[in-house]
Amino acid sequence: MQKLKILKISFISVSFLALTTAGVANAQNSYSYPNLNLKSCSLSKSISLSEINKITGETCKYDKTSLKLSDGRTFAIPDPGFGVSSHTLVTKDSKHVPEVNLIRTPKGDLAVKIDDNIFGNSSAKEFVSDIEIRQKQQYKSTAKPTASNKCAKPYYVYLGGKWIDTYRWKINETWGPGRGATDRIRAAADTWTANIYYCGKHSVAYATEQYQGKSGTAVGVTREGGCAAHGSESTIGYGVISYPPDVLGATCVHYFLHELLGIMAEADVKFNTLDSWYTGASESGCSGKWDLQGVATHEFGHVFGLDHVGQSTGQVMRPSSPPCDTGNRHLGLGDATGVKLLYSPIPPV
Ligand SMILES: [Zn+2]
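Note that my numbering has the sequence shown beginning at 39, numbered continuously upward.
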């Protein structure tokens, strides 16, 4: 009973963001979709965006079928009622990599959102437009776009989902940069939960996470930078991300659709082993490398439900990061405001 109460309260805070008033009596484990009578379409193992557009007026099983984008990224197609979104942090702002969100409607239709463009049959597109799965809450401002305004304005954008339970995760240390790396990643997770510190202030965020030790499971981010199928656990680790170029890290968030809300079920993070990493605890010892803790702090922002904001906002959630950006270990005003509101136990008035 106590648990249900907490879930209900946490939902109310998101319902404000997602503009819905529906309840959440059925949580993660008890929710099920009706039996679907999907047609077995003759799809090849790998299909393209244009093929998805052509599948109209029927639903397909999409069994063992992946979506392959023209940039080389492949995505396992989620089960009906589930979605997966992919977010990429790059070395330079000019290297923008489109964000990808695959949404499988409860009826089995597939929609693909690439940045702000939606692909799929008309019913799938309508479904995505209606629910506005990716909430955009970025504040407009004319503030001078420099990093010095990291604490001036609360810029944040939501992915459209959140955890209603603790985010439990493991680390696969294979190919990791070694000494201190796991400590840096765990520190990054702490940055977003419980006592949070930003801009000289202290507050509390009610997002929760639990590190559950080492894992032998492969990270669910593919070599090309896409997302593997929804698995049984959330894994953070290392590996080559060959495409898109200049990628530091990528996060895949799996969620299930509940009314207008995405309830997160798995989040995997991969750090690119093609980059050289600084894993020191000190913020002053980095030279010419990428700061693992700073990049991990950004990726955990996605894990907890934040999307990218404009590069000029100076927030941790901006889409690119320079070498030795140890300042990215610390939340900006928008980062902190975003996570606090998303997990606020007090319903907004
Ligand atoms: Zn990102």
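Idealized CB from N, CA, C, for every residue including glycine.
Judged by their CB atoms, Ile-223 and Leu-87 are not nearer to each other than the 8 Å cut-off.
The beta-carbon distance between Ser-84 and Lys-106, rounded to whole angstroms, is 5 Å. This is short enough to meet the 8 Å contact definition. Shown in chain order are the residues whose CB sits closer than 5 Å to a heavy atom of ligand 1: His-125 and Leu-127. In the displayed model, Leu-87 falls within a helix according to three-state DSSP. Counting along the chain, Ile-141 sits inside the beta strand (DSSP E) bounded by residues 138 to 142. One thing to note: Arg-367 has its Cβ no nearer than 8 Å to the Cβ of Gly-343. Within the same chain, Cβ atoms closer than 6 Å to the Cβ of Thr-351 are found at Tyr-193, the five residues on either side in sequence being excluded.
In this structure Lys-378 touches Ser-241 by the C-beta definition: roughly 6 Å separates them, less than 8 Å.
Within the same chain, His-240 and Val-242 come within 7 Å of Asn-233 by CB-CB distance, once the 5 residues on both sides are set aside.
Shortest Cα-Cα distance from Gly-275 to any of Thr-260, Pro-283, Val-135 and His-268 involves Thr-260. By the 16-neighbour rule on beta-carbons within 10 angstroms, Trp-213 is exposed. Boundaries for Ala-267: no beta strand (DSSP E) harbours it, and the DSSP string shows neither H nor E there.
Considering only Asp-131, Val-138 and Gly-119, the residue with the shortest C-alpha distance to Ser-108 is Val-138. Counting only residues of its own chain and dropping the five nearest sequence neighbours on each side, Cys-265 has a CB closer than 7 Å to the CB of Phe-113, Ala-114, Val-122, Ser-124, Gly-258, Val-259 and Cys-290. In the assembly as shown, Leu-312 is an exposed residue. Its beta-carbon has fewer than 16 other beta-carbons within 10 Å.
In the structure shown, the three-state DSSP call for Gln-250 is strand. Annotated as distal: Gly-372 and Gln-349, with beta-carbon spacing of 8 Å or more.
In its chain, beyond the 5 residues on either side, Ala-243, Ala-245, Thr-246 and Glu-247 have a beta carbon closer than 7 Å to the beta carbon of Thr-231. Taking the CA atoms as reference points, Asp-284 sits about 32 Å from Asp-101. Shown here, Lys-200 sits in a strand according to DSSP, grouped into three states. The beta-bridge partner set that DSSP reports for Ser-358 consists of Val-128. Here the alpha carbon of Ala-149 sits roughly 32 Å from the alpha carbon of Pro-383. Bounds of the alpha helix (DSSP H) holding Ala-334 are 330 to 341. The C-beta distance from Pro-361 to Gly-326 rounds to 6 Å, short enough to meet the 8 Å contact threshold. By the 16-neighbour rule on beta-carbons within 10 angstroms, Asp-154 is exposed.
Between Pro-144 and Pro-116, the C-beta spacing is not below 8 Å.
Close CB contacts of Ala-374 within its chain, under the 7 Å cut and outside five residues either way in sequence, are with Ile-234, Tyr-236 and Ser-241 (chain order).
Taking a contact as a CB-CB distance under 8 Å, the pair Tyr-293 and Gly-300 counts as one, their CB atoms being some 4 Å apart.
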